[in-house]
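*Asks:* Note that my numbering has the sequence shown beginning at 1, numbered continuously upward. Idealized CB from N, CA, C, for every residue including glycine. Pasting a structure below so you can have a look.
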Amino acid sequence: MEIMYLMIFLSLLMAIGFLVAFIWFVRSGQQDDLITPGMRILNEDKKTIN
Numbered sequence: 001m002e003i004m005y006l007m008i009f010l011s012l013l014m015a016i017g018f019l020v021a022f023i024w025f026v027r028s029g030q031q032d033d034l035i036t037p038g039m040r041i042l043n044e045d046k047k048t049i050n
């Protein structure tokens, strides 16, 4: 039964860590523009092979 308490504690600790990381990424602006990087590859000039 002690292992269950340890596993629950570790899973909660990991969940809190992921939540803190997600909030940090959102506040730092990394989730602001998700469309432009995907569209950038479509708008690049094609290089010609001579």
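Does DSSP put I35 in a helix, in a strand, or in coil?
*Replies:* Within the sequence shown, the letter at position 35 stands for residue 35. Coil at I35, not helix or strand.
*Asks:* What does the alpha-carbon distance come out to for the pair M14 and I35?
*Replies:* Here the question's residue 14 lines up with position 14 in the sequence shown. Here the question's residue 35 lines up with position 35 in the sequence shown. Those two C-alpha atoms are separated by around 29 Å.
*Asks:* What would DSSP say about G17, mapped onto helix, strand or coil?
*Replies:* Your numbering for residue 17 matches position 17 in the sequence shown. Three-state result, G17: helix.
*Asks:* Grab me the residues of W24's own chain with a C-beta within less than 6 Å of its C-beta, minus the 5 sequence neighbours each way, in chain order.
*Replies:* As a first step, residue 24 is located in the sequence shown; it is residue number 24 there, counting from the start. Contacts found: none.
*Asks:* Let me know the secondary structure DSSP gives M1 once reduced to three states.
*Replies:* For the purposes of this step, residue 1 is taken as the residue at position 1 of the sequence shown. Looking at M1 - three-state DSSP - the assignment turns out to be coil, as it is neither helix nor strand.
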